[in-house]
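To start, the structure itself, in structure tokens.
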Amino acid sequence: MLRLTFYKLVIGFLLLVIIIMAVFISVSRPKKAPPVQIPKVKWKIAIVIDDWGYTLKNMPIMDNIKYPLTAAVLPNLPYSSRVAKELYERGFEVILHLPMEPKEKYALEKNTILISMGEETIKKIIAEALSSVSYAKGVSNHQGSRATEDPRIMEVVFRELKKRRLYYLDSFVSRNSACTDLAHKMHLPIAKRDIFLDNFEDPVYIKLQMKKLKNKARMHGEAIGIGHDRKNTLKVISEVMPQLEKEGYRFVFLSELER
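Here this note's numbering is used: the first residue of the sequence shown is 34, the next is one more, and so on.
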């Protein structure tokens, strides 16, 4: 009887030891780190920076931008060829920013396409402009509120772009632009600007416009913003892009959004 009681005590003691050890191991075992939550990309944003070619002073800021960005380079300027080459080598997409006739009394760039011009003159201007902006994958209008309303002019332009396998970005400087309907009719890939980012150069304003751009992308799945080769614009963009990526936005080259 005593022996049986002794065995029961031993067994009970061993069970207690096993339970204590199991508790100790479970407590001391390092916990697995929670899985990193990678935001699901839902919305695409393309940013185009216009008016490259006047200067190289903002090129160092571009080294801080590690996301896809499209640069629209004006032709026939002192730095047109060089800036196109340097931006391309940095991994950015390059397009030609083609000067076209506005309604406003702006100073015109050299070889601006005018609605009074004939087809051969327009074709020659486009050829010369493209020769000064290497690596161009597409073309956008610089100014052009009058020219982009004129189907005859835009048909000549679009025939040249289609022949060269280039897409077109309508900067959409006129509500009466003929570009989208005509491009679809001619089966030319086209994109259209949604938001101008820097009508004012104040950083606070630019940040507000970037917010409008992301809201546009959230509503429609994608959005296109246009800014300019200005220090404040480029600095704000470089600061905002990482945060928008964390929120689930993906930056793409303009060519990804052409239709």
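C-beta atoms are modelled at their ideal positions from N, C-alpha and C, and glycine is treated no differently.
No experiment lies behind these values; they were computed from the predicted model shown.
Bridge partners of residue 201 according to DSSP: 172, 223.
No residue range can be given for residue 89, since it is assigned to no beta strand (DSSP E) and is classified by DSSP as neither H nor E. Under the DSSP definition of a beta bridge, residue 106 partners with 85, 129. Here the alpha carbon of residue 274 sits roughly 27 Å from the alpha carbon of residue 199. Contact check for residue 287 against residue 79 passes: the beta carbons are separated by less than 7 Å. Non-local C-beta neighbours of residue 229 in its own chain, meaning closer than 6 Å and more than five positions away in sequence, comprise 259, ordered along the chain.
Comparing alpha-carbon positions, the option among 95, 173, 188, 217 lying closest to residue 119 turns out to be 95. Across the set 234, 141, 236, the C-alpha of 141 shows the shortest separation from the C-alpha of residue 109.
With a threshold of 16 other beta carbon atoms within 10 Å, residue 111 falls short and is exposed.
Taking all protein chains shown into account, residue 175 has 16 or more neighbouring C-beta atoms within 10 Å of its C-beta and is therefore buried. Membership of residue 159 in the alpha helix (DSSP H) is indicated by the continuous run 152 to 165. The beta carbon of residue 236 lies closer than 6 Å to those of 265, 269 in the same chain, with the five residues before and after it left out. In this structure, DSSP gives residue 280 a state outside helix and strand, which the three-state scheme calls coil. Secondary structure note for residue 256: its beta strand (DSSP E) is the uninterrupted segment 255 to 261. In this structure, residue 162 and residue 181 do not form a Cβ contact; the two beta carbons are roughly 16 Å apart against a cut-off of 8 Å. Bounds of any alpha helix (DSSP H) do not take in residue 230, whose DSSP letter is neither H nor E. Per DSSP, reduced to three states, the secondary structure at residue 77 is strand. For residue 121, the enclosing alpha helix (DSSP H) begins and ends at 113 to 122.
For residue 186, the enclosing alpha helix (DSSP H) starts and ends at 184 to 196.
Note on geometry: alpha-carbon atoms of residue 170 and residue 190 lie some 15 Å from one another.
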